[in-house]
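Chemist: Protein chains in written order, with this note's numbering: chain X, 1 to 333; chain G, 1 to 700.
For reference, the structure I am asking about is given below.
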Amino acid sequence: MLIVVVVCGCKPERKAIDNPKPAVYYWRTSLYLDSVERQFLRDYNVGKMYVRYFDVVVDSKKQLSPNATIAFKDSVPQGIEVIPTIFIVNECCKHNLDTIAQLLVDRVLKMNETHDIKGVKELQIDCDWSVKTQDAYFKFLEQVRQLLKAKNMTLSATIRLHQLSMPVPPVDYGVLMMYNTGELKNSKQRNPILDKRDVAPYLKNLAAYELPLCAAYPNFGWQLLYTGDKFRDILYSEDLNDTALYRKVDEGKYLVISSIDLPNYLSSNSSYTYLNAGDSVMVVKPDAQTLVQVHDALSHERPGINNQVIIYSLNKSSINNYTPNDYEKIYRP
Amino acid sequence: MKKFIVLSIIAVATLQAWACGGWFRPNYYMFSVFNRNMMDNPFINETRQYWVNYTGDERAEYACESLGNVKPEEFDKSDNVIIATARKKGDKETLNYLRLLVQYLNHDGSAYNRWDYPSKEEIAQDKAEVEKVKTQAAAYKGKKYKSQYALLVMRCNMTLEKHQENIAYWEKTASKLGDSVYKNWMKDIYAGALYNTGKKDQACEIYAELGDMTSIKYCVRKKRNLNGIKEEYAANPNSQTLIFLVQDFVNNTQETLDNGSDPEIMQNVEATGIYEQDMDGFIEFAGQVLAEGKTKSPAMWEAARGFVNYMAGNQNDAITQLKNAQHLDGTQRMKDNARACLLLASIKSAQPTNDYYNYLLGEYKWLDQMARFGDAENDYANIDMHYWDVFERVTYDNLVPQLQEWGEPYLAMALLGVGNSRKVPSGDTYLHMLDEISSSELEAFDEYIRNGDHNGFEAWAAKECHFNANNFNDLMGTKLVREGEFRGAINYLEKVPVSYISEQGISYYMARKDYNQEIWLKRQFLSFYRAENTPVKSNAKLDFCRDMVALDEKIDQASGEEKNELLYKKANLLYQASHKGDCWYLAHYSNGVYSEPAKSEYDFIGATRRLLRSIERNTTNMELMQKCVFAQTFITGETSGYSVTADYDWGNKTWNYSIDPDKPHYRAMTRLVDFNIQHPELTPDYITKCDIVKQFMALR
Numbered sequence: 001m002l003i004v005v006v007v008c009g010c011k012p013e014r015k016a017i018d019n020p021k022p023a024v025y026y027w028r029t030s031l032y033l034d035s036v037e038r039q040f041l042r043d044y045n046v047g048k049m050y051v052r053y054f055d056v057v058v059d060s061k062k063q064l065s066p067n068a069t070i071a072f073k074d075s076v077p078q079g080i081e082v083i084p085t086i087f088i089v090n091e092c093c094k095h096n097l098d099t100i101a102q103l104l105v106d107r108v109l110k111m112n113e114t115h116d117i118k119g120v121k122e123l124q125i126d127c128d129w130s131v132k133t134q135d136a137y138f139k140f141l142e143q144v145r146q147l148l149k150a151k152n153m154t155l156s157a158t159i160r161l162h163q164l165s166m167p168v169p170p171v172d173y174g175v176l177m178m179y180n181t182g183e184l185k186n187s188k189q190r191n192p193i194l195d196k197r198d199v200a201p202y203l204k205n206l207a208a209y210e211l212p213l214c215a216a217y218p219n220f221g222w223q224l225l226y227t228g229d230k231f232r233d234i235l236y237s238e239d240l241n242d243t244a245l246y247r248k249v250d251e252g253k254y255l256v257i258s259s260i261d262l263p264n265y266l267s268s269n270s271s272y273t274y275l276n277a278g279d280s281v282m283v284v285k286p287d288a289q290t291l292v293q294v295h296d297a298l299s300h301e302r303p304g305i306n307n308q309v310i311i312y313s314l315n316k317s318s319i320n321n322y323t324p325n326d327y328e329k330i331y332r333p
Numbered sequence: 001m002k003k004f005i006v007l008s009i010i011a012v013a014t015l016q017a018w019a020c021g022g023w024f025r026p027n028y029y030m031f032s033v034f035n036r037n038m039m040d041n042p043f044i045n046e047t048r049q050y051w052v053n054y055t056g057d058e059r060a061e062y063a064c065e066s067l068g069n070v071k072p073e074e075f076d077k078s079d080n081v082i083i084a085t086a087r088k089k090g091d092k093e094t095l096n097y098l099r100l101l102v103q104y105l106n107h108d109g110s111a112y113n114r115w116d117y118p119s120k121e122e123i124a125q126d127k128a129e130v131e132k133v134k135t136q137a138a139a140y141k142g143k144k145y146k147s148q149y150a151l152l153v154m155r156c157n158m159t160l161e162k163h164q165e166n167i168a169y170w171e172k173t174a175s176k177l178g179d180s181v182y183k184n185w186m187k188d189i190y191a192g193a194l195y196n197t198g199k200k201d202q203a204c205e206i207y208a209e210l211g212d213m214t215s216i217k218y219c220v221r222k223k224r225n226l227n228g229i230k231e232e233y234a235a236n237p238n239s240q241t242l243i244f245l246v247q248d249f250v251n252n253t254q255e256t257l258d259n260g261s262d263p264e265i266m267q268n269v270e271a272t273g274i275y276e277q278d279m280d281g282f283i284e285f286a287g288q289v290l291a292e293g294k295t296k297s298p299a300m301w302e303a304a305r306g307f308v309n310y311m312a313g314n315q316n317d318a319i320t321q322l323k324n325a326q327h328l329d330g331t332q333r334m335k336d337n338a339r340a341c342l343l344l345a346s347i348k349s350a351q352p353t354n355d356y357y358n359y360l361l362g363e364y365k366w367l368d369q370m371a372r373f374g375d376a377e378n379d380y381a382n383i384d385m386h387y388w389d390v391f392e393r394v395t396y397d398n399l400v401p402q403l404q405e406w407g408e409p410y411l412a413m414a415l416l417g418v419g420n421s422r423k424v425p426s427g428d429t430y431l432h433m434l435d436e437i438s439s440s441e442l443e444a445f446d447e448y449i450r451n452g453d454h455n456g457f458e459a460w461a462a463k464e465c466h467f468n469a470n471n472f473n474d475l476m477g478t479k480l481v482r483e484g485e486f487r488g489a490i491n492y493l494e495k496v497p498v499s500y501i502s503e504q505g506i507s508y509y510m511a512r513k514d515y516n517q518e519i520w521l522k523r524q525f526l527s528f529y530r531a532e533n534t535p536v537k538s539n540a541k542l543d544f545c546r547d548m549v550a551l552d553e554k555i556d557q558a559s560g561e562e563k564n565e566l567l568y569k570k571a572n573l574l575y576q577a578s579h580k581g582d583c584w585y586l587a588h589y590s591n592g593v594y595s596e597p598a599k600s601e602y603d604f605i606g607a608t609r610r611l612l613r614s615i616e617r618n619t620t621n622m623e624l625m626q627k628c629v630f631a632q633t634f635i636t637g638e639t640s641g642y643s644v645t646a647d648y649d650w651g652n653k654t655w656n657y658s659i660d661p662d663k664p665h666y667r668a669m670t671r672l673v674d675f676n677i678q679h680p681e682l683t684p685d686y687i688t689k690c691d692i693v694k695q696f697m698a699l700r
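Here's what the structure looks like:
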């Protein structure tokens, strides 16, 4: 009897995440949803909101502390599940991270209780961990997961592209971040938010990654400030159509014509960013075509990964970066 | 309030800090019609002063800021000096106010960023506490703390984000209270409420009026440019915000000219770049404003375009406009500003005529009055530091270089001395200059100060300059020591009181070090960080000079080994007085690791080495010879060292070391080691057990 072994060319199907729903990240310091944002949630049947509750940072006393805790000025529409998400600055992993596992879980639970946030079944941790901090971070995740288990809750974590080639963190599933894939310093050559050339090398690791995954895609744009060719800063939702201050010189490129200072929300060095006449501002955002191509490539490499798509982020100023048709395509499994 | 440095009354003593520390002179803006002294917390100083006056205790300055650390339940036992004083006085009214203030300050605004997140009940309770404080504050019927209680009401509303209530409270109640620091504070909160309810322009006006620089900068962050000025002018040609914007523009122009090529400095000083096109545009626009006649402050606009013209190099226009501005309508501050700017601008095109010196005399006397230098130590909170800045910018960056160009170095020096006597931050420049010049130049400067054929301005500068007999004699004596003229130095140092030396920075070292100690056998290290002026029993410089003169006389009369012993002693003394010596204070006012010999300094170290070499050659006293060999090794080690090169041999996986044999220290070390090998019986423990010697022997 001849046994014919057929080698199947199909990709091995890794487990997708449980209970997938169209989702968004909410990444601001104050929870308030305006009508445009509420409409977005309705239009795309968003079922989950990954809400950044707070960051964990190393404070001035070298202690690990919560920071930039969200202020709940509004409530999440009924029927939408809230997944508290905590951003841990990688620097924290060099300190005694396991001392805060209990504190962190308790804090999240207390925040839910204080603000009447019901039905929370999951917690997500976001951290740009590296080989050096991996052990401490994974140990911390183990602790958090055990604590959550006792409360019938699960744990998820964000996964950056470069982390696909590293060991799998001890969580129930991962969210593959398909944004911030490039370098800001090279942003004149490549789109730092999402560029296929930056994604391609990691695709080979995707199928074999032994953790249920879903994907998060960007809908935001950046305004990048340059002095000459030197990247200086990211501006925050600056009105570049203000012709007293900026002159449009090309598609997505503006010249600063009057020196101004703007509050800086991103830099730790200064509370203002100074724009001098002659500086230029480049607007970068991934084009919808790229986004859809990447989305489809991911589905091809790892079927099921797009069963749940999370848009980063829910913000009135970003929503209109894509058309409803684009969102339909992105939310499609 | 800007902090300023109070120099030691004996100014020379501060040279140490000058020589060792880095030196960065801030950019002193000339244009000031908007009192930027109020930019830092404008209210804190007065509040502090109130409690200092109330308690009669300087500690209250800090105690008022730590009232928030007092727990309400511990209030009655608190040792906070303000609370304790009120308790001691039996001042119930003050105690009641403080109790309520403490309750408010204990409201936990930071709880949202603690690990222990507050419960719904805790948040509600916290809000209720603030409400309670507000209710009690609003119920106050007395007079003494009426404004403070009203402020408390507004602070509570602010905490509770009840901005509309704050607007109403200000309009109906707080605005009708008498003028006070508290009323200003309330108005500032009122502006915040306006801002938070969308009335941004009104808020900006108030911030500008109050001089709340942080808030105004935020408020007008997109208007800090020519377009913003034009826009604001179009909306209201007499707004307070416009005054801020015009001043900000002129100062940013100055900053851009000074530091525009360094984005880091621009960022640090929060300046926005203003370039040629903007300057021209501003000059034109200011002319338009003046022509339209809508402004009530033509003095400001005229001075602004005058000073921008000055910076743009349009000297004639600048002078005309800055003169003219002083006669136009505007506040006194605006006119004073034009006068100060004119003083600076005038230097660029001035000639050293009697008329110009007379003008300088009048303006410096005026600057003296404006800056109130004399009141600074006792009333610094109320001093307008802007005129200190003007003095510095005019004097140090402009007039002194101009005087030097005109061949007036002593007048320039005297002017620096005026700055030193006024204790301006750059005042130490004078001390540095005095220390740098030679003894003959110092004598000439002294002659100029005392007997110069002076015009009025020179006479004023000579009189006001920080220079007296003690300065002169100490400096001359020290310079002569430094130049190796010990006998000559005695004449000057004898006239210097010991008390004068005791108040110098070097007294710390002088009181604790002995120049007779053989430096190569025992070092005398002291911690720089513990340095404090110390009374000295005698002037070691004078003692040193007398010892040197006496020693030289003995050496002249001695011969043979006795002479060698005396020369050895002299070698040590010379080295001690060098910049490498432990007793560097004998010939210097400052010292540091990177110090170099002064320009006219005697070659103490070279002389020491020559003496030691000579003794080594001539002596038959082996012990003395050994000490000389060792001393030379010490000196070459301190001054040059030797270099070891290490190369890795990849084939044999070993390190190869090589030493440069031409280095003096190498040669000295070789002699020392050879001497020790030849005379082991004479080799003391400190050499046989010395790690450095062992290492050298291994390497050799």
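C-beta: ideal position from N, C-alpha, C; glycine also.
This structure is a prediction, so every number in the text was calculated from the model and none was measured.
Taking 7 angstroms as the cut-off, decide whether the C-beta atoms of G/Val629 and G/Phe675 are in contact.
Modeler: Residue 629 of chain G sits at position 629 when you count from the first residue of the second sequence. Residue 675 of chain G sits at position 675 when you count from the first residue of the second sequence. Yes, these two residues count as a Cβ contact at 7 angstroms.
Chemist: Mind listing the chain X neighbours of G/Ser119? Cutoff is C-beta to C-beta under 9 angstroms, in chain order.
Modeler: The residue labelled residue 119 of chain G in the question sits at position 119 within the second sequence. Within 9 angstroms Cβ-Cβ: Lys110, Glu113, Thr114.
Chemist: Does any residue of chain G bring its CB to less than 7 angstroms from the CB of X/Gln124?
Modeler: Numbered from 1 along the first sequence, position 124 holds the residue referred to as residue 124 of chain X. No, its Cβ sits nowhere closer than 7 angstroms to a Cβ of chain G.
Chemist: Just to confirm, is the Cβ distance from G/Phe495 to G/Asn468 under 7 angstroms?
Modeler: Translated into the one-based positions of the second sequence, residue 495 of chain G becomes position 495. Translated into the one-based positions of the second sequence, residue 468 of chain G becomes position 468. Reading off the sequence, residue 495 of chain G comes out as Lys, not Phe. Not closer than 7 angstroms, so no.
Chemist: Given 8 angstroms as the limit, is there contact between the region 65–72 of chain X and the region 125–144 of chain X, that is, 3 or more CB pairs closer than that?
Modeler: no
Chemist: Can you check whether the C-beta of G/Lys222 is within less than 7 angstroms of a C-beta belonging to chain X?
Modeler: Here residue 222 of chain G is taken as the residue at index 222 of the second sequence, counted from 1. Yes, G/Lys222 counts as interfacial toward chain X.
Chemist: To be precise: take each residue of the region 65–80 of chain X, compare its Cβ to all Cβ atoms of chain B, and keep it if any distance is under 8 angstroms. Which residues remain?
Modeler: Looking at the structure shown, chain B is missing, and the protein chains on hand are X and G.
Chemist: In chain G, which residues lie less than 7 angstroms from X/Asp229 when you measure between Cβ atoms?
Modeler: Translated into the one-based positions of the first sequence, residue 229 of chain X becomes position 229. None at all; the shortest Cβ gap to chain G is about 14 angstroms.
Chemist: Determine the contact status of X/Glu142 and X/Pro167, defining contact as a CB-CB distance below 7 angstroms.
Modeler: Indexing the first sequence from 1 puts residue 142 of chain X at position 142. Indexing the first sequence from 1 puts residue 167 of chain X at position 167. At a Cβ-Cβ threshold of 7 angstroms, X/Glu142 and X/Pro167 do not count as neighbours.
Chemist: CA-CA distance, G/Gly488 and G/Leu480?
Modeler: The sequence position of residue 488 of chain G within the second sequence is 488, counting from 1. The sequence position of residue 480 of chain G within the second sequence is 480, counting from 1. Going by the C-alpha atoms only, they are around 7 angstroms apart.
Chemist: Compute the Euclidean distance between the alpha carbons of X/Ala200 and X/Thr181, then round it to the nearest angstrom.
Modeler: Here residue 200 of chain X is taken as the residue at index 200 of the first sequence, counted from 1. Here residue 181 of chain X is taken as the residue at index 181 of the first sequence, counted from 1. Their Cα atoms are separated by approximately 11 angstroms.
Chemist: Any beta-carbon of chain G closer than 7 angstroms to the one on X/Leu266?
Modeler: In the first sequence, the residue the question calls residue 266 of chain X occupies position 266. Low local confidence applies: a pLDDT of 47 at X/Leu266 is under 50, so the model's placement there is unreliable, and no value is given.
Chemist: Please go through the same chain and pick out, in chain order, the residues whose beta-carbon is closer than 7 angstroms to the beta-carbon of G/Asn309, but skip the five residues on each side of it.
Modeler: Working through the second sequence from its first residue, we reach residue 309 of chain G at position 309. Answer for G/Asn309: Ile283, Asp317, Ala318, Gln321, listed in chain order.
Chemist: Just the Cα atoms here: how many angstroms apart are G/Asn69 and G/Gln103?
Modeler: As a position in the second sequence, residue 69 of chain G is number 69, starting the count at 1. As a position in the second sequence, residue 103 of chain G is number 103, starting the count at 1. Roughly 10 angstroms separates the two Cα atoms.
Chemist: Out of X/Tyr179, X/Gly278, X/Ser258, which one is the CA nearest neighbour of X/Ser227?
Modeler: By 1-based counting over the first sequence, the position of residue 227 of chain X is 227. In the sequence under discussion, the amino acid at residue 227 of chain X is Thr, which differs from the Ser named in the question. Cα-wise, what sits closest to X/Thr227 is X/Gly278.
Chemist: Using a Cβ-Cβ cut-off of 7 angstroms, state whether X/Leu235 counts as contacting chain G.
Modeler: In the first sequence, counting from the first residue as 1, residue 235 of chain X sits at position 235. Answer no: the Cβ-Cβ gap between X/Leu235 and chain G never drops below 7 angstroms.
Chemist: Closer than 8 angstroms is the cut-off here; do at least three beta carbon pairs connect the region 303–311 of chain X with the region 242–252 of chain X?
Modeler: no
Chemist: Go ahead and pull the three-state DSSP assignment for G/Tyr29.
Modeler: Position 29 of the second sequence, counting from 1, holds the residue named residue 29 of chain G. Residue state, collapsed to three classes: coil.
Chemist: Assuming X/Tyr173 and X/Tyr217 are in contact, meaning their beta carbons sit under 8 angstroms apart, how far apart are those beta carbons, in whole angstroms?
Modeler: Working through the first sequence from its first residue, we reach residue 173 of chain X at position 173. Working through the first sequence from its first residue, we reach residue 217 of chain X at position 217. Wrong, their Cβ atoms sit about 17 angstroms apart, outside the cutoff.
Chemist: Tell me, please, whether the CB atom of G/Asn227 is closer than 7 angstroms to any CB atom in chain X?
Modeler: For this step, residue 227 of chain G is matched to residue 227 along the second sequence. G/Asn227 counts as touching chain X.
Chemist: Rounded to the nearest angstrom, what separates G/Tyr602 and G/Met548 at their Cα positions?
Modeler: Numbered from 1 along the second sequence, position 602 holds the residue referred to as residue 602 of chain G. Numbered from 1 along the second sequence, position 548 holds the residue referred to as residue 548 of chain G. Each residue's Cα considered, the two are about 14 angstroms apart.
Chemist: How big is the Cα-Cα spacing for G/Met154 and G/Asn166?
Modeler: Along the second sequence, one-based indexing puts residue 154 of chain G at 154. Along the second sequence, one-based indexing puts residue 166 of chain G at 166. Roughly 6 angstroms between the two C-alpha positions.
Chemist: Please classify G/Leu416: does DSSP put it in a helix, a strand, or coil?
Modeler: Position 416 of the second sequence, counted from the start, is the residue given in the question as residue 416 of chain G. Reduced to three states, the DSSP call for G/Leu416 is helix.
Chemist: Taking 7 angstroms as the CB-CB cut-off, is X/Asn276 touching chain G?
Modeler: As a first step, residue 276 of chain X is located in the first sequence; it is residue number 276 there, counting from the start. Output row for X/Asn276: interface = yes.
Chemist: Report the three-state DSSP secondary structure of G/Ala698 (helix, strand or coil).
Modeler: Position 698 of the second sequence holds residue 698 of chain G. Here G/Ala698 sits in helix by DSSP.
Chemist: Under three-state DSSP, which class holds X/Arg52?
Modeler: Mapped onto the first sequence, residue 52 of chain X falls at position 52. In the structure shown, X/Arg52 sits in a strand (DSSP, three-state: E or B).
Chemist: Find the nearest neighbour of X/Arg197 within the set X/Gly47, X/Glu37, X/Ala297, X/Phe72, judged by alpha-carbon distance.
Modeler: If you number the first sequence from 1, residue 197 of chain X lands on position 197. That would be X/Ala297, whose Cα lies nearest to the Cα of X/Arg197.
Chemist: So X/Tyr331 and X/Pro20 are supposed to be a Cβ contact under 8 angstroms. How far apart are they, rounded?
Modeler: Locating residue 331 of chain X in the first sequence gives position 331, counting from the first residue. Locating residue 20 of chain X in the first sequence gives position 20, counting from the first residue. 11 angstroms between Cβ atoms; not a contact.
Chemist: Anyone know if the C-beta pair for G/Leu343 and G/Phe457 falls short of 7 angstroms?
Modeler: What you label residue 343 of chain G is simply residue 343 of the second sequence in a count that begins at 1. What you label residue 457 of chain G is simply residue 457 of the second sequence in a count that begins at 1. Against a cut-off of 7 angstroms, the Cβ pair of G/Phe457 and G/Leu343 comes out as no contact.
Chemist: Are the CB atoms of X/Val89 and X/Val51 nearer to each other than 7 angstroms?
Modeler: Numbered from 1 along the first sequence, position 89 holds the residue referred to as residue 89 of chain X. Numbered from 1 along the first sequence, position 51 holds the residue referred to as residue 51 of chain X. Contact flag unset, no.
Chemist: I'd like to know if X/Ile260 contacts chain G, where contact means its C-beta is closer than 7 angstroms to some C-beta of that chain.
Modeler: Along the first sequence, one-based indexing puts residue 260 of chain X at 260. Yes, its Cβ sits closer than 7 angstroms to a Cβ of chain G.
Chemist: Could you pull out every residue in the same chain whose Cβ sits closer than 6 angstroms to the Cβ of G/Pro298, ignoring the five residues on either side in sequence?
Modeler: As a first step, residue 298 of chain G must be located in the second sequence, where it is residue number 298. Cβ neighbours of G/Pro298 beyond the five flanking positions: Leu290, Leu328, Asp329.
Chemist: For chain X, check one thing: does any of its Cβ atoms lie closer than 7 angstroms to the Cβ of G/Gly273?
Modeler: Residue 273 of chain G sits at position 273 when you count from the first residue of the second sequence. Output row for G/Gly273: interface = yes.
Chemist: Would you say G/Asn69 touches the ligand MG, meaning its beta carbon is less than 6 angstroms from a heavy atom?
Modeler: No copy of the ligand MG appears in this structure; indeed no ligand is present at all.
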